[in-house]
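Heads up: the sequence shown begins at 0 in numbering that gives the first Met the number 0, then just goes up one per residue. Just so you know, even glycine gets a beta-carbon here, dropped at the ideal spot from N, CA and C. Keep in mind it's a predicted model, so treat the numbers as computed, not measured.
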Amino acid sequence: MAKRKAKRRQAASKAKKRTSKGGGKAKRPLVSRGRKSKKPFLNEIPISLDHARRQFMVTRSVKSAARSTGVSESRLRRLIRNYRLAKWDRSKRRWKITDRVTREVGIASNGRAKAIVVRGFVRAQLAKGYTAAVKHFLETNDVAALAPYEGQSITDISKNKHLLETRPNVLLRLANTGGDAEMKIYRLID
């Protein structure tokens, strides 16, 4: 105990000497205290935590996402705050999604399959829903699956709008020629 106090006094006197030499302004000590945390990229987090993040984005409930994936609530909350994926709205008592992560997604537009880069969860979710609807159409030949995406477009990070392809013959032609391989892309970029 006495040794700790002596070390603290010694460190304080050294800091005082450093600051007193200048123009009287107090400066921060040269040695930083604590460890400097280096935040990993979002695509480098553990798989279980990534599943919890995805579940949270869909349900917007930390509790249910943590329970369904076996991750602690506090750990998931910390991830959400550190990466600014969502913000807690006190007045409405719910999470507001503020995810600005860029993702590469595959879509069909103007008779071609494209891989585009979008920012945010909402646009990526629209692209994945469209891809799932196209897959369902190709398996069952049910045109009604494409109806919700009629006339919708997705804006990429370059502000280019891509109209979603909903013509059945064009989608069947893309699938038969193997051009739909790019539509299966979905990955986080940063």
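Short of 8 Å in beta carbon distance, which residues of its chain neighbour residue i, apart from the five on each side in sequence? Order them along the chain.
i: T97; result: R83, L84, A85, K86
i: K113; result: G105, I106, A107, H161, E181
i: A132; result: A144, L145, P147, Y148
i: I44; result: R52, L78
i: K183; result: G105, T130
i: V169; result: A107, G110
Any idea what DSSP makes of residue i, helix, strand or coil?
i: V133; result: helix
i: K127; result: helix
i: G105; result: strand
i: S90; result: coil
i: S152; result: strand
i: K44; result: Rather than Lys, the amino acid found at residue 44 in this sequence is Ile. Three-state result, I44: coil.
i: V117; result: strand
i: R27; result: In this predicted model, R27 has a pLDDT of only 49, less than 50, meaning its place in the structure is not dependable; the value taken from the coordinates is given anyway. R27: coil per DSSP, three-state reduction.
i: K158; result: coil
Compare the beta carbon distance of residue i and residue j with 8 Å and say whether it is the shorter of the two.
i: V116; j: D155; result: yes
i: A64; j: T58; result: yes
i: L163; j: S152; result: yes
i: Y185; j: R102; result: yes
i: S90; j: T68; result: no
Quick one: does residue i have its CB under 8 Å from some CB of chain C?
i: Y82; result: Considering every chain present, this structure includes no chain C. It has just one protein chain.
Might you give, ordered along the chain, the residues of its own chain that have their beta carbon closer than 6 Å to the beta carbon of residue i, omitting 5 neighbours on each side?
i: P167; result: V142
Might you give, ordered along the chain, the residues of its own chain that have their beta carbon closer than 7 Å to the beta carbon of residue i, omitting 5 neighbours on each side?
i: R27; result: Here R27 scores only 49 on pLDDT, less than 50, and its place in the model should not be relied on; the value that follows carries that caveat. Excluding positions up to five away in sequence, the list is empty.
Does the pairing of the region 158 to 175 with the region 100 to 116 give three or more beta-carbon distances under 8 Å? Segments in contact, yes.
Three-pair Cβ contact test at 8 Å for the region 126 to 142 versus the region 71 to 83: No, because fewer than three Cβ pairs between the region 126 to 142 and the region 71 to 83 fall closer than 8 Å, the two stretches do not touch.
Residue ranges of each alpha helix (DSSP H) run of no fewer than 4 residues wholly in the region 51 to 88, ordered along the chain? Listed in chain order, they are 61 to 68, 72 to 81.
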